[in-house]
Every structure is written in structure tokens, then in C-alpha cells.
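Chains as they are written, first to last, in the working numbering: chain A, 1 to 219; chain B, 1 to 232.
Glycine is no exception: its CB is placed at the ideal position from the N, C-alpha and C atoms.
One structure below.
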């Protein structure tokens, strides 16, 4: 069974002792294959930008970029994240990027300080292909930012939106838009988030992700 | 990080005939879909005795982009208190699909001294317009552990649910207002908690009978608001 680390933001030496690897696949969610999908993870230089905002709920997270559409949580659950972003490459087929993202984690159990708000600045932007037919181009972008915990402590972190996929309109619904966020505390996120301290993925339960062709000078 | 590979632009793999057809389609699309977008969100608004407090507020430029405003805590006397308020709006104008999406999140919300409370209030609005039409929705909007008049609400709150607040007025929960023609324009405003404050004036009973009083609106409180719109 795939395991992943929960995002725990604790300063200093306590951090190392409190980053624990726990099994977090929801047992109500049917097991899914996370076999390698080389086509999906191949990275290309991009000639498009993306905007988006919305919400993803658990269950739905799974390593390997596979999401299970499960809909919005019940009204007693805090296990969801909300977000908004704009991101683009510096120019067509350049892998440097620009933009901003705000990511709000509401799950008090996931982070010991009771959730966090990430404000990040985008500095890379690339293209990956969606794992779902017709394999539309998705944005992958990363950068650095600050994650403010509920107790007021702010940490510098690295983030990677592993994929933000616009699968059509509207953004919410079976097989529609999906996103995966990785946050790494000590260095840039490695391939497939091997060093990620936070990893949440899912089909949107609210909002929309939008693909936009680059236009104008440099496109 | 995986190696970067380049590849031919997608349009090269298509036929010339398709390209010519697309050129005409694009011209038509540009006229249809490249329209303005609108978006806004705020955490809380208190309007009492002519004094308005509204914060935090995010506003989307009509050309698109992103705005985000957040606040650690907000309190307006006994009207509203909340922590971790985030207002977000993003959007873009595009030849193919123009879109706008906004959200407002608040935690540990208490309205009117706990008459209404919730662990989390989330308002979410999304709109898009494409050559195929325009639409908006409030998917993702909701409450976590909502309590109204001392009663825990254990199911999702249906849009535009009215709840009486004795001695205060009434509240509309998950208030949704749609706009636009659904073809070239569309918009939606979501107010998760909208309290209308009322007072009873006049009326009363005498020896000859009773006269009804008049309910007067004296203010309003809105918690968790998101708006999105496309088209012009």
C-alpha cells in the first residue's frame, strides 16, 4: 500500500521528530493501481498558461496522481483544501515561469498546528499530459512561498503543483478538472514528490481550472 | 525534476484542411468568447446603523488575473467574529473559454453571539463562457459543523434556505443569486450566511383592540461571500 507523509509544520528540532509517515489512503476508497504512467509524467515545455480556483476534498488523494472522484465531504468534515492560482511560463516553450498561488488546508488533523495557508510565487512552468483520455495538456508549476500555520508561525517552503488539469467545462463533476499539490519543507520537491511533506490531490468539488493559450509577444 | 523534452506544436500534426477550417472558427470564436470577466469575494460584511465594515475583500480586474486578501481574525462587536479569513478570486479572458472563480473561507465563525456558528464557512462561485454557452455554479460551497439556534445542522444546506431568528430577524443560508442569459453572459453571487436584522416598530394593544406592528430592516450581516461573472 502506498504511504505518504503528512504535512507537519513544527520549527527546529521538533520537526524531524514529528514528520511521520502514516498510511493515509482512505479505506472507503477502492484501491487503485498506481503503476507508472510514463506518458503522463513526461514533461514538456509549455506554450499555455492556467488560471483556477476551487476546492478538493478527501477521499480523493492518492500517490501517483490518481484521483478518485468522490464528491464533497459531509458537513462534519474539515478534510479539504481550497485554492486559487494564476501561472504561466515566462514565454512560449520556456520552463521558467511566473504567477501566484494561495492554498488553504483546512484539516486540523493533517497539520499539528491546525491547517495552514500557503502563499507561493511561481518560478517554473511546464506541461504534462493528463492521465485520462483524451490526455489534454496540464500545467505543472513550482516555486517557493510561506506557509502560515494556525498558531501563527510561518515557515518558508517549496511547492509544486504536480498537475493542474482542465478537462473541460464545468470544472466540477465526474472526470472533470483535477489537481495535485506537493509541499516540501527542506528543498524543492523531487520527482513525484518523494520528499513531500504534504500531498493532496483530487477532482475538483468546487471551482474550475482553465487552460489558456499564450497569445501576444513571446507566445 | 524530469527531463524537459521538446516536441512539435500540436497544430503541425493536423491537416491543412482542418487548419483552414479552424481559422474561420477561430475568427468566429474570438468575437464570441473574448469578453470581460468579473469576480469578487469577501469574508464578512456588517452593516448596522449606517456603518459598514467589510473585510477582507478581493477584487478581480475585468481583464483577469488574481487577487487574494486574508486576515488572521475579525471581530465586529457582537455581530461577527471569525478567524482565518481568506478571500480569493482568479480569472482570465480568452478566445476559447473565459472564466472566473472566487472563494471565501472563514474558520471559527460566530454570528450574533453564537446564534449562528460554524467551524468553517466556504463560499465558492465559478463562471465560464465559451462558444457553446455560459454558465455559473456554486459547487463547493458549504459549512462545516453549522449550528443555528442551538441546533447542529448535519446535512448540506439547500440553496436559499431561510431561517427565522426570533427577536433579531431572519437569515438566508447558502444564498445564491444567478444572473446573465446563459448564452453569452452568466454570473452568480453566493452569500453563505446573510442575516437581515429587523425591529418591530409601532403596533400594540389598547382597550379597543390590537394593531399590528411594522417590521423594519435595520441592517444586515453577510459572512462568506463569493461572486463570479463572465460576458458583457
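Cα-Cα separation between residue i and residue j, rounded to whole angstroms
{"i": "residue 200 of chain A", "j": "residue 230 of chain B", "result": "30 angstroms"}
{"i": "residue 52 of chain B", "j": "residue 224 of chain B", "result": "16 angstroms"}
{"i": "residue 94 of chain A", "j": "residue 71 of chain A", "result": "36 angstroms"}
{"i": "residue 131 of chain A", "j": "residue 202 of chain A", "result": "13 angstroms"}
{"i": "residue 177 of chain B", "j": "residue 76 of chain B", "result": "26 angstroms"}
{"i": "residue 60 of chain B", "j": "residue 74 of chain A", "result": "31 angstroms"}
{"i": "residue 22 of chain A", "j": "residue 188 of chain B", "result": "With a pLDDT of only 30 at residue 22 of chain A, under the threshold of 50, the placement of this residue in the model should not be trusted; the figure read from the coordinates follows. The straight-line gap from Cα to Cα measures roughly 41 angstroms."}
{"i": "residue 117 of chain A", "j": "residue 151 of chain A", "result": "11 angstroms"}
{"i": "residue 214 of chain B", "j": "residue 205 of chain B", "result": "14 angstroms"}
{"i": "residue 134 of chain B", "j": "residue 208 of chain A", "result": "14 angstroms"}
{"i": "residue 127 of chain A", "j": "residue 123 of chain B", "result": "30 angstroms"}
{"i": "residue 175 of chain A", "j": "residue 105 of chain A", "result": "23 angstroms"}
{"i": "residue 121 of chain B", "j": "residue 35 of chain B", "result": "31 angstroms"}
{"i": "residue 139 of chain B", "j": "residue 202 of chain B", "result": "43 angstroms"}
{"i": "residue 144 of chain A", "j": "residue 103 of chain A", "result": "13 angstroms"}
{"i": "residue 193 of chain A", "j": "residue 42 of chain A", "result": "15 angstroms"}
{"i": "residue 204 of chain A", "j": "residue 164 of chain A", "result": "10 angstroms"}
{"i": "residue 215 of chain A", "j": "residue 47 of chain A", "result": "9 angstroms"}
{"i": "residue 179 of chain B", "j": "residue 186 of chain B", "result": "6 angstroms"}
{"i": "residue 44 of chain B", "j": "residue 108 of chain A", "result": "23 angstroms"}
{"i": "residue 270 of chain A", "j": "residue 212 of chain B", "result": "With chain A covering 1 to 219 only, the question about residue 270 of chain A has no answer from this structure."}
{"i": "residue 87 of chain B", "j": "residue 210 of chain B", "result": "49 angstroms"}
{"i": "residue 119 of chain B", "j": "residue 177 of chain A", "result": "27 angstroms"}
{"i": "residue 254 of chain A", "j": "residue 128 of chain B", "result": "Any answer about residue 254 of chain A is impossible in this case: the structure gives chain A only from 1 up to 219."}
{"i": "residue 156 of chain B", "j": "residue 226 of chain B", "result": "18 angstroms"}
{"i": "residue 125 of chain B", "j": "residue 66 of chain B", "result": "14 angstroms"}
{"i": "residue 123 of chain A", "j": "residue 179 of chain A", "result": "18 angstroms"}
{"i": "residue 154 of chain B", "j": "residue 92 of chain A", "result": "49 angstroms"}
Among the options, nearest to residue i - alpha-carbon criterion
{"i": "residue 160 of chain A", "options": "A:152, A:121, A:133, A:153", "result": "A:121"}
{"i": "residue 45 of chain A", "options": "A:78, A:90, A:77", "result": "A:90"}
{"i": "residue 193 of chain B", "options": "B:186, B:172, B:179", "result": "B:172"}
{"i": "residue 189 of chain A", "options": "A:162, A:214, A:178, A:171", "result": "A:162"}
{"i": "residue 172 of chain A", "options": "B:183, B:141, B:86", "result": "B:141"}
{"i": "residue 185 of chain A", "options": "A:148, A:100, A:158, A:115", "result": "A:158"}
{"i": "residue 79 of chain B", "options": "B:133, B:61, B:197, B:134", "result": "B:197"}
{"i": "residue 129 of chain A", "options": "A:78, A:197, A:166", "result": "A:166"}
{"i": "residue 100 of chain A", "options": "A:77, A:108, A:134, A:52", "result": "A:52"}
{"i": "residue 102 of chain B", "options": "B:42, B:161, B:160", "result": "B:42"}
{"i": "residue 125 of chain A", "options": "A:134, A:139, A:119, A:115", "result": "A:139"}
{"i": "residue 63 of chain B", "options": "B:57, B:94, B:175, B:84", "result": "B:94"}
{"i": "residue 88 of chain A", "options": "A:78, A:142, A:147, A:192", "result": "A:142"}
{"i": "residue 166 of chain B", "options": "B:116, B:180, B:125", "result": "B:116"}
Exposed unless 16 or more other CB atoms sit within 10 angstroms - verdict on residue i
{"i": "residue 100 of chain B", "result": "buried"}
{"i": "residue 211 of chain A", "result": "buried"}
{"i": "residue 200 of chain B", "result": "exposed"}
{"i": "residue 69 of chain B", "result": "buried"}
{"i": "residue 136 of chain A", "result": "exposed"}
{"i": "residue 40 of chain B", "result": "buried"}
{"i": "residue 49 of chain B", "result": "exposed"}
{"i": "residue 213 of chain A", "result": "exposed"}
{"i": "residue 73 of chain B", "result": "exposed"}
{"i": "residue 207 of chain B", "result": "exposed"}
{"i": "residue 149 of chain B", "result": "exposed"}
{"i": "residue 98 of chain B", "result": "buried"}
{"i": "residue 191 of chain B", "result": "buried"}
{"i": "residue 152 of chain B", "result": "exposed"}
{"i": "residue 258 of chain B", "result": "Here chain B comprises residues numbered 1 to 232, so residue 258 of chain B is not present and cannot be evaluated."}
{"i": "residue 143 of chain B", "result": "buried"}
{"i": "residue 233 of chain B", "result": "Here chain B covers residues 1 to 232 and nothing more, so residue 233 of chain B does not appear."}
{"i": "residue 90 of chain B", "result": "buried"}
{"i": "residue 187 of chain A", "result": "exposed"}
{"i": "residue 183 of chain A", "result": "buried"}
{"i": "residue 49 of chain A", "result": "buried"}
{"i": "residue 78 of chain A", "result": "buried"}
{"i": "residue 97 of chain A", "result": "buried"}
Where residue i sits in the DSSP three-state scheme
{"i": "residue 158 of chain B", "result": "coil"}
{"i": "residue 175 of chain A", "result": "coil"}
{"i": "residue 133 of chain B", "result": "strand"}
{"i": "residue 193 of chain A", "result": "helix"}
{"i": "residue 101 of chain A", "result": "strand"}
{"i": "residue 181 of chain B", "result": "coil"}
{"i": "residue 72 of chain A", "result": "coil"}
{"i": "residue 208 of chain A", "result": "strand"}
{"i": "residue 99 of chain B", "result": "strand"}
{"i": "residue 214 of chain A", "result": "coil"}
{"i": "residue 47 of chain A", "result": "coil"}
{"i": "residue 106 of chain A", "result": "coil"}
Residue i beta carbon near the ligand HEM (any heavy atom closer than 7 angstroms)
{"i": "residue 214 of chain A", "result": "Annotation note on the ligand HEM: not contained in the displayed structure, which lists no ligands."}
Do the region 93 to 107 of chain B and the region 210 to 220 of chain B meet, that is, are 3 or more Cβ pairs less than 8 angstroms apart?
-> no
How do the region 73 to 87 of chain A and the region 52 to 59 of chain A stand: do at least 3 beta-carbon pairs fall below 8 angstroms, yes or no?
-> yes
Taking three-plus beta-carbon pairs below 8 angstroms as touching, is the region 147 to 156 of chain A in contact with the region 108 to 118 of chain B?
-> no
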